[in-house]
Amino acid sequence: VQVEKQGFRHFMLKEIFEQPGVVRTCLEAYISSDWSAGENDSSSAIPDQNPVAGDTPSITTPIQLGLPESLYENLEHVQILACGTSWHASLVGKYLIEQLAGIPTMVQYASEFRYAPSPLTRNTLTIGVTQSGETADTLAALEMEKRRRIGLGQEYQPRLVGITNRSESSLAHLVPHIIETFAGMEIGVAATKTFVTQLVVFYCLALDLAYQRQTLPPSRIAEIIAGLRQLPSQIELVLSRQEHYLEELAHEFDETQDFIFLGRGINFPIALEGALKLKEVSYIHAEGYPAGEMKHGPIALLDSKVPVVAIAMPGTVYEKVLSNAQEAKARDARLIGVTPMHDPEAAQTFDILLSVPVVEELLSPILAVMPLQLLAYHIAARRGLDVDQPRNLAKSVTVE
Ligand code: G6P
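Here's what the structure looks like:
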């Protein structure tokens, strides 16, 4: 398929602007349109014990991922294997699976796991996340995990699922179940729309687990689903409000050599992703850090030449992030805040505001990453770099 830039200067920018659409597509693929919490209280939510193969389940469930029920049976652990940006999506996935469905979840770099696997755990769901479905380390780690479980007792049997944007990839030959992300072809080497759709899949998976295990009441599941359905139009709003602003702002970083990105909780992986995007396309050194850890090292780097980008979303760690940002300000750092719109406290703290619509903390990562993608893009484009094909990087790394 010939993919065109459709008037955008680079594929990366075009793909950033495709995000409202692909998030919508992915949500529509997995969230039932005919489920409502009222009709499905927890007593009627127990799935059919003996479904006939091929039959549609008799009770509508909120999320339909097409996975067999046996994958969730007696589940005790989830382990996620991935590289690069997919590893960042997996960290958000861990947060969601642990906080919504209460299942202990490990996230490992596939390249590390393959040579030092964690001890075997029982009744474990193993998820490989790779947008291309071709990353050599991720495939090898999954293969190894599958092999070491074969021949062991029932509770150790491999339960493998892949999350990918390429359902025809090598990953699909390796694992029996695929959850597709429906992002469409991504040309820019720096992942954008494939990342946010991986996040959408993790929301769906965590909600499905929470529903099946009854760790959340249906009314809460309905509330989160309603929030997810707002995201496409909220993403659109962020992109349209900030595109020109960030293009202008990029001028201010012509001489900048280092950036620090801070986040906490569910937005710590978004800080990592913001830093990675900037490194990948602009070649500026950037570090993502959990805001509370800044005092254990990165604070030594701060001065007026090192901008700090803090993701400060209302919720459990909001005040904490604001006070971490104040500490950076006291070292003369230029402070950029990804903050909720119309928030006087944020306006007082930060020098530059990249504001997004107010949503509950749980749903904020998808909105928070938008300005960070645009920031990385515009700094790189302004420097005249090859944004879609950064030096030394490949879209999929099929060698070790
Ligand atoms: C490469 C790409 C990254 C990507 C990583 C993992 O390094 O440049 O953008 O995140 O591979 O790719 P995957 O296809 O496994 O998600």
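Positions in the sequence shown are counted from 1; adding 250 to them yields the UniProt record's numbering. Virtual Cβ for every residue (Gly too), placed ideally from N, Cα, C. Predicted, not measured: the structure shown is a model, and the values here were computed from it.
Own chain partners of A391 with C-beta closer than 7 angstroms, once the 5 adjacent residues on each side are dropped: Counting only Cβ-Cβ distances below 7 angstroms, and skipping sequence neighbours, we find L331, A360, F363, R364.
With a CB to CB cut of under 7 angstroms and the five nearest residues on each side skipped, what residues in its chain are close to K344? Excluding the 5 residues flanking it on each side, K344 has same chain C-beta neighbours closer than 7 angstroms at I330, T355, V357, in chain order.
4 or more residues per run - each alpha helix (DSSP H) lying fully within the region 334-364: Correct list: 334-351, 360-363.
Exposed or buried, which one is R514 when buried takes at least 16 other CB atoms within 10 Å? The residue is buried, with at least 16 neighbouring Cβ atoms inside 10 Å.
Using a Cβ-Cβ cut-off of 7 angstroms (strictly less than) and excluding sequence neighbours within five positions of F432, which residues of its own chain qualify? Within the same chain, F432 has close Cβ partners V272, T275, C276, A279, T447.
Among V411, T589, Y322, which has the Cα closest to the Cα of E569? Out of V411, T589, Y322, T589 has the C-alpha closest to the C-alpha of E569.
On a CA-only basis, which of L321, Y461, R416, L449 is nearest I313? Give me that one, please. Put simply, of L321, Y461, R416, L449 the residue whose alpha carbon is nearest the alpha carbon of I313 is Y461.
Helix, strand or coil for Y495? Go by DSSP, reduced to three states. DSSP, reduced to helix, strand and coil, places Y495 within a helical segment of the structure shown.
Determine the direct distance from the alpha carbon of P467 to that of P307, and round the result to whole angstroms. Interpretation of P307 is limited by its pLDDT of 47, a score under 50 that renders its predicted location unreliable; the figure taken from the coordinates is listed afterwards. A direct Cα-to-Cα measurement between P307 and P467 gives close to 20 angstroms.
Completely contained alpha helix (DSSP H) runs for the region 380-408, where each covers 4 or more residues: Those alpha helix (DSSP H) runs which fall completely within the region 380-408 and span 4+ residues are 386-399.
What's the C-alpha gap between A525 and Q404? Taking the CA atoms as reference points, A525 sits about 42 angstroms from Q404.
Any beta carbon of chain C sitting closer than 8 angstroms to that of L455? Checking the listed chains, one finds no chain C in this structure; it contains a single protein chain.
Which one of L585, L325, A366 has the shortest CA to CA distance from G352? Distance from the Cα of G352 is smallest, within the candidate group L585, L325, A366, for L325.
Out of G257, A631, Q576, which one is the CA nearest neighbour of L496? Of the candidates G257, A631, Q576, the one whose C-alpha sits nearest the C-alpha of L496 is A631.
Apply the 10 Å Cβ neighbour rule to K555 and answer buried if 16 or more other Cβ atoms are within range, or exposed otherwise. Exposed, because fewer than 16 other Cβ atoms sit within 10 Å of the Cβ of K555.
Proximity winner among S614, N642, D638, relative to K255 (alpha-carbon distances): Comparing C-alpha distances from K255 to each of S614, N642, D638 shows the shortest one belongs to D638.
Environment of A441 [buried if 16+ CB atoms lie within 10 Å]: Result: buried.
With a threshold of 7 angstroms (Cβ to nearest heavy atom), would Q492 be considered close to ligand 1? No, ligand 1 has no heavy atom inside 7 angstroms of this Cβ.
Nearest CA to the CA of G383: which residue from T444, P367, L622? Taking only the C-alpha atoms, the option nearest G383 is T444.
Determine the direct distance from the alpha carbon of D284 to that of T599, and round the result to whole angstroms. Approximately 44 angstroms, taken between the alpha carbons.
Can you give me the Cβ contacts of D508 inside the same chain, cut-off strictly under 6 angstroms, excluding the 5 residues immediately before and after it? Taking D508 as the centre and dropping the five residues before and after it, the same chain places the C-beta of H535, V556 closer than 6 angstroms to its C-beta, in chain order.
Report the residue from M394, L341, T380 whose alpha carbon sits nearest the alpha carbon of P367. The option with the nearest alpha carbon to P367 is M394.
Out of P564, L622, K396, L424, which one is the CA nearest neighbour of S532? Closest by alpha carbon: L622.
Closer than 7 angstroms: is that where the CB of E334 sits relative to any heavy atom of ligand 1? First, the amino acid is wrong: residue 334 is Gly here, not Glu. Yes - ligand 1 has a heavy atom lying nearer than 7 angstroms to the Cβ of G334.
Are there any heavy atoms of ligand 1 lying less than 7 angstroms away from the beta-carbon of Q407, as far as the coordinates show? Distances between the C-beta of Q407 and the heavy atoms of ligand 1 are all 7 angstroms or more.
Cβ neighbours of I371 in the same chain (closer than 8 angstroms, five flanking residues each side left out): In the sequence under discussion, the amino acid at residue 371 is Thr, which differs from the Ile named in the question. Sequence-distant Cβ neighbours of T371 in its own chain, meaning closer than 8 angstroms and more than five residues away, are E326, H327, Q329.
Could you name the residues of the same chain whose beta carbon sits closer than 8 angstroms to that of P615, not counting the 5 residues immediately before and after it, in chain order? If the five residues before and after P615 are omitted, its C-beta is found closer than 8 angstroms to the C-beta atoms of V342, L449, I516, N517, P519, I520, all from its own chain and listed in chain order.
Going by the CB atoms, is the gap between L552 and V558 shorter than 8 angstroms? Contact flag set, yes.
Between the C-alpha atoms of A500 and A596, what's the straight-line distance to the nearest angstrom? Rounded to the nearest angstrom, the two C-alpha atoms are 21 angstroms apart.
Of the residues A580, L528, T566, I549, which one's Cα is nearest the Cα of V619? For the residues A580, L528, T566, I549, the minimum Cα distance to V619 belongs to L528.
Can Q381 be considered in contact with ligand 1, in the sense that its beta carbon sits closer than 7 angstroms to one or more heavy atoms? True, at least one ligand heavy atom lies under 7 angstroms from that Cβ.
DSSP-derived helix/strand/coil call for L325: DSSP places L325 in coil when its eight states are reduced to three.
Tell me the rounded alpha-carbon separation between L455 and C333. In a straight line, the C-alpha of L455 is about 20 angstroms away from that of C333.
Nearest-angstrom Cβ-Cβ length linking L375 and L321, presumed shorter than 8 angstroms: The C-beta distance from L375 to L321 rounds to 6 angstroms, short enough to fall under 8 angstroms.
beta-carbon V649 near ligand 1 non-hydrogen atom, thresh 7 angstroms: No; taking the cut-off as 7 angstroms, the Cβ of V649 has no heavy atom of ligand 1 nearer than that.
At a cut-off of 7 angstroms, is T447 close to ligand 1 when judged by its beta-carbon and the heavy atoms of the ligand? No.
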